[in-house]
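Taking it in order: structure first as structure tokens, then the write-up.
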Amino acid sequence: MNQYGSWYKIGDGGRSSTLMLPPEYESVSLDWGERYEDLLQVPSHRQAMEKLDSAGLGRDFATKAVRTLSCYRPDVQVQQEGDLIINDPRLALAGLIFMIKESARFNTFRDRFAHVWDSDTGARFFMQELMCCNIYSWAKISRTLLRWKKDGYPTWSPKAEYDYLKNMGIASEKNALDAVGLVYNLNFLF
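When you read off a place in the sequence shown, starting at 1, and then add 11, the result is the number in our numbering.
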């Protein structure tokens, strides 16, 4: 909800989301898409990550992004107010989503944001770190850890299902546990 009392929901070009606000909120759908590349209007995940990386994600970015989104109205062009806001509401939203969601999923991002939170420059990441943060990588790590638990914590073995993880530098259960801070809910997988 913005400061004018308007509620918004992110849509994906007509695709119905399972998480919707009740009708009494009269939310307005913003068909910006749900993937970073759709939100940022770039053709690839790599370009979306480059755009986020150059945005200087951190406390200053988060403060400006919240200001930007709190006064967002689709029918009004955002006016530059010095450097108090981010002129692109899509970048503001994508940056906040990245900071919150990927920090919950990946310890690398959580630790990096915590380390630079009080700096003015924000966090800068290596592109390889950013590329591995897509939903597929997190889902693969999460499912593998849950399967390992379900099987009674056997020795981490070089099965075919682990090949993808090995290519990411995750060759052991310790590497996998060190990489993620949040995994799928076990009840939804098995």
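Where is the CB? At the ideal position from N, CA and C, for every residue including glycine.
- Leaving aside the five residues that flank Arg-121 on each side, the residues in its chain whose CB is nearer than 8 Å to its CB run, in chain order, Ser-114, Ala-115, Gly-192.
- Counting along the chain, Val-87 sits inside no beta strand (DSSP E), nor does DSSP assign it H or E at all.
- For Leu-107, the enclosing alpha helix (DSSP H) begins and ends at 100-108.
- Judged by DSSP in its simplified three-state form, Ile-96 adopts coil rather than helix or strand.
- Around the beta-carbon of Ile-97, 16 or more other beta-carbon atoms lie within 10 Å, marking it buried.
- Here Phe-136 has Asp-64 as same chain residues with Cβ atoms under 6 Å from its own Cβ, once five neighbours each way along the sequence are excluded.
- Pairing Tyr-175 with Gly-67, the inter-Cα distance amounts to about 30 Å.
- Excluding sequence positions up to five before and after Lys-151, its CB lies within less than 6 Å of the CB of Tyr-175, all in the same chain and listed in chain order.
- If the five residues before and after Trp-149 are omitted, its C-beta is found closer than 6 Å to the C-beta atoms of Arg-116, all from its own chain and listed in chain order.
- The beta carbons of Ala-103 and Thr-74 sit about 11 Å from each other, so the pair does not count as a contact at 8 Å.
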